[in-house]
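A short worksheet on the structure shown next.
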Amino acid sequence: MKTTLDNKDINQLSKSWLMASWDWLWKRELPVLLAIFALFASLLIFALLTQFAVQDTPHEFDRYLLLLMRNPDDLSDPLGPRWLEEVGRDITALGGNAVLILLTLAVLGYLLMDLKPRLALVVLLATLGALAMSSTLKETIKRDRPDLVPHNTVVYTASFPSGHSMLSASTYLTLGALLATTQRRKRIKVFILTFCTTITLLVGISRVYLGVHWPTDVLAGWTAGAAWAMACWLLARWLQSRDAETPADA
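Numbering (my numbering), first residue to last: 56 to 305.
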């Protein structure tokens, strides 16, 4: 009867252990570590962009990209046909307070009816938290709106960061991440996250296209909103792990 392990058995056990460890790391810990890294990277980029916002004059990068989207012969005219300007207003509305609050209320109602109050709390934090931070940052930094071109939509607040970009990043990315976790097929996960990311990008671009934000305002909104979305996703993951560890009859 065999009582000792030979080299072949040891190699097989080592491979099995490594595969099991990698599978555990990939499913549980690696996404968390990547999210934490991306969160801090986003905050660092936001801090760097803030340096541009507090300057007395806009950076050449801002001026160049803003003017690039305008007719050089008539700066009041965005590039493209007239209908494209209307499309820009439609897209920018997807990052407005009214649309995002209605969307959040709809998702909250669904989650509460589905008996998932903790996830409902995460969604509420994603929207209201980003709204509060955006308002606070605008009032603190007080960057003026672009004056190189006429505004093609009405604005009421300061310029930095872009509230539409920050709120859309936080809300859509959080909802996309939570929805993706409910899917098993990788291609569906990728589709959901790609769709939510595309909406976020289009909202930010529309703000520059309509002349109401400097490009660095939008970049700052994206990075701050993405950081908040990742923080909300980490919170949701932690809450779900607690639910999974709680006995059913507890």
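The beta carbon of each residue, even a glycine, is placed where N, CA and C say it ideally should be. Remember, predicted model here, so these are calculated numbers, not experimental data.
Worksheet item: DSSP three-state call for Asp132: helix, strand or coil?
Response: Walking along the sequence shown from the start, residue 132 turns up at place 77. If DSSP states are grouped into helix, strand and coil, Asp132 belongs with the strands.
Fill in: Cβ distance (whole Å) where Thr255 is taken to contact Thr159 below 8 Å
Looking up residue 255 in the sequence shown gives position 200. Looking up residue 159 in the sequence shown gives position 104. Not quite, the Cβ-Cβ distance comes to about 15 Å (not below 8 Å), so this is no contact.
Worksheet item: With which residues is Arg125 paired in a DSSP beta bridge?
Response: Translated into the one-based positions of the sequence shown, residue 125 becomes position 70. Beta bridge pairing from DSSP links Arg125 with Pro133.
Discussion item. Check whether the segment 244-262 and the segment 177-189 are in contact - that is, three or more C-beta pairs closer than 8 Å.
Written reply: Judged by pairs of C-beta atoms under 8 Å, the segment 244-262 does not touch the segment 177-189, as fewer than three such pairs exist.
Discussion item. Taking the alpha helix (DSSP H) that Leu152 belongs to, which residues open and close that run?
Written reply: The residue given as residue 152 occupies position 97 in the sequence shown. Note on residue identity: the sequence assigns Asn, not Leu, to residue 152. If you look at Asn152, you'll find it in the alpha helix (DSSP H) that goes Asn152 to Met168.
Discussion item. Within the continuous alpha helix (DSSP H) that includes Ala219, where are the two ends?
Written reply: As a working mapping, residue 219 is identified with position 164 in the sequence shown. Ala is not the amino acid found at residue 219; the sequence shown has His there. That run of the alpha helix (DSSP H) goes Gly218 to Ala235.
Worksheet item: According to DSSP, is Phe101 helix, strand or coil?
Response: To locate residue 101, count along the sequence shown from 1; it is residue 46. Helix at Phe101.
Discussion item. Suppose contacts are defined by Cβ-Cβ distances below 9 Å. Is Asp199 in contact with Ala181 by that definition?
Written reply: Here residue 199 refers to the residue found at position 144 of the sequence shown. Here residue 181 refers to the residue found at position 126 of the sequence shown. In this structure, Ala181 does not lie closer than 9 Å to Asp199 by Cβ.
Worksheet item: From what residue to what residue does the alpha helix (DSSP H) around Tyr264 run?
Response: The residue labelled residue 264 in the question sits at position 209 within the sequence shown. Segment Lys241 to Tyr264, the alpha helix (DSSP H) holding Tyr264.
Worksheet item: Excluding the five sequence neighbours on either side, which residues of its own chain have a C-beta within less than 6 Å of the C-beta of Arg240, listed in chain order?
Response: Your numbering for residue 240 matches position 185 in the sequence shown. Same-chain partners within the cutoff: there are none.
Fill in: Own chain partners of Leu248 with C-beta closer than 6 Å, once the 5 adjacent residues on each side are dropped
The residue given as residue 248 occupies position 193 in the sequence shown. Cβ neighbours of Leu248 beyond the five flanking positions: Gly231 and Ala235.
Discussion item. Buried or exposed for Tyr165, going by 16 or more other Cβ atoms inside 10 Å?
Written reply: If you number the sequence shown from 1, residue 165 lands on position 110. In the assembly as shown, Tyr165 is an exposed residue. Its beta-carbon has fewer than 16 other beta-carbons within 10 Å.
Worksheet item: Whose C-beta lies closer than 6 Å to the C-beta of Leu294 among residues of the same chain, with five residues either side of it excluded?
Response: In the sequence shown, residue 294 corresponds to position 239, counting from 1. Excluding sequence neighbours, Leu294 sits near Arg173.
Worksheet item: Is Ser190 helix, strand or coil by DSSP?
Response: In the sequence shown, residue 190 corresponds to position 135, counting from 1. In the structure shown, Ser190 sits in a helix (DSSP, three-state: H, G or I).
Worksheet item: In terms of residue numbering, what span does the alpha helix (DSSP H) encompassing Leu176 cover?
Response: On the sequence shown, residue 176 is found 121 positions in, with the first residue counted as 1. Start and end: Pro172 to Leu179.
Worksheet item: Is DSSP giving Phe107 helix, strand or coil here?
Response: Looking up residue 107 in the sequence shown gives position 52. Helix, per DSSP.
Worksheet entry | Pair within 9 Å by beta-carbon distance, Thr271 and Leu98 | Residue 271 sits at position 216 when you count from the first residue of the sequence shown. Residue 98 sits at position 43 when you count from the first residue of the sequence shown. No, Cβ-Cβ distance for Thr271 and Leu98 is not below 9 Å.
Worksheet item: In this structure, does DSSP put Leu289 in helix, strand or coil?
Response: Within the sequence shown, residue 289 is the residue found at index 234, counting from 1. It is helical.
Item to complete: Count the other CB atoms, across all protein chains shown, that sit within 10 Å of the CB of Ile211; report buried if there are 16 or more and exposed otherwise.
Response: Here the question's residue 211 lines up with position 156 in the sequence shown. The question names Ile, yet the displayed sequence has Tyr at residue 211. Label assigned to Tyr211: exposed.
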